[in-house]
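Student: Attaching a single structure in structure tokens format; questions to follow.
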Amino acid sequence: LTNYFLNTIVTALHAPEWETLFQRIGEDAMFHLVTETCLFFPLPNGCFCQMTGEPIVYTAPPLKFSLGGLRSGTSCESGKRKRTAKTTEGEPPAKRSKTSASSSSKRMHSSDAQERYTAH
Numbered sequence: 001l002t003n004y005f006l007n008t009i010v011t012a013l014h015a016p017e018w019e020t021l022f023q024r025i026g027e028d029a030m031f032h033l034v035t036e037t038c039l040f041f042p043l044p045n046g047c048f049c050q051m052t053g054e055p056i057v058y059t060a061p062p063l064k065f066s067l068g069g070l071r072s073g074t075s076c077e078s079g080k081r082k083r084t085a086k087t088t089e090g091e092p093p094a095k096r097s098k099t100s101a102s103s104s105s106k107r108m109h110s111s112d113a114q115e116r117y118t119a120h
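Given below as structure tokens:
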């Protein structure tokens, strides 16, 4: 590769690791790798930069690897997760317990109403 203009991708391909790979797999395999696949290299910030291949933004992810695709617990028709009640051996799901503040508040209101009713 000859780098006539400033190009970080070509500069990255001049790294010694790529030369080692080229020597190990040969010219034909290296040509195929660079022209027919998508190659990414890591950036210092933890992201990856696409070096070769069709831009990934133009490709659809494979169904089994897509972020919103089918996973265990999803319906094939809608792609949405099925909700199931977590029960143990036929027992209904436990109800949410009332907090002490809300139950004492209700008791206080009902006792106030009862006092008003009996006072009149």
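In terms of UniProt numbering, the sequence shown opens at residue 1 and continues consecutively. Quick reminder that beta carbons are idealized off the backbone N, C-alpha and C, glycines included.
Using DSSP with H/G/I as helix, E/B as strand and the rest coil, what is T59?
Tutor: Indexing the sequence shown from 1 puts residue 59 at position 59. Coil.
Student: Just how far apart, CA to CA, sit M51 and K98?
Tutor: One-based indexing of the sequence shown puts residue 51 at position 51. One-based indexing of the sequence shown puts residue 98 at position 98. Each residue's Cα considered, the two are about 58 angstroms apart.
Student: Can you say whether L13 is buried or exposed, counting buried as having 16 or more other CB atoms within 10 angstroms of its CB?
Tutor: If you number the sequence shown from 1, residue 13 lands on position 13. So L13 ends up on the buried side.
Student: Just verifying my parser: in three-state terms, what is the DSSP assignment at F5?
Tutor: Your numbering for residue 5 matches position 5 in the sequence shown. F5: coil per DSSP, three-state reduction.
Student: Distance, Cα to Cα, F41 vs K95?
Tutor: In the sequence shown, residue 41 corresponds to position 41, counting from 1. In the sequence shown, residue 95 corresponds to position 95, counting from 1. Between F41 and K95, the C-alpha separation is close to 52 angstroms.
Student: Return the CA-CA distance between L21 and L33, expressed in angstroms with no decimal places.
Tutor: In the sequence shown, the residue the question calls residue 21 occupies position 21. In the sequence shown, the residue the question calls residue 33 occupies position 33. Approximately 11 angstroms between the Cα atoms of the pair.
Student: Report the three-state DSSP secondary structure of L21 (helix, strand or coil).
Tutor: Taking the sequence shown and counting its residues from 1, one reaches residue 21 at position 21. L21 falls in the helix class under three-state DSSP.
Student: Could you give the residue range of the beta strand (DSSP E) that holds P42?
Tutor: To locate residue 42, count along the sequence shown from 1; it is residue 42. Looking at the DSSP string, the run of the beta strand (DSSP E) that includes P42 is L39 to P42.
Student: Does any C-beta atom of chain C lie closer than 9 angstroms to the C-beta of G53?
Tutor: In the structure shown, chain C cannot be found, because there is only a single protein chain.
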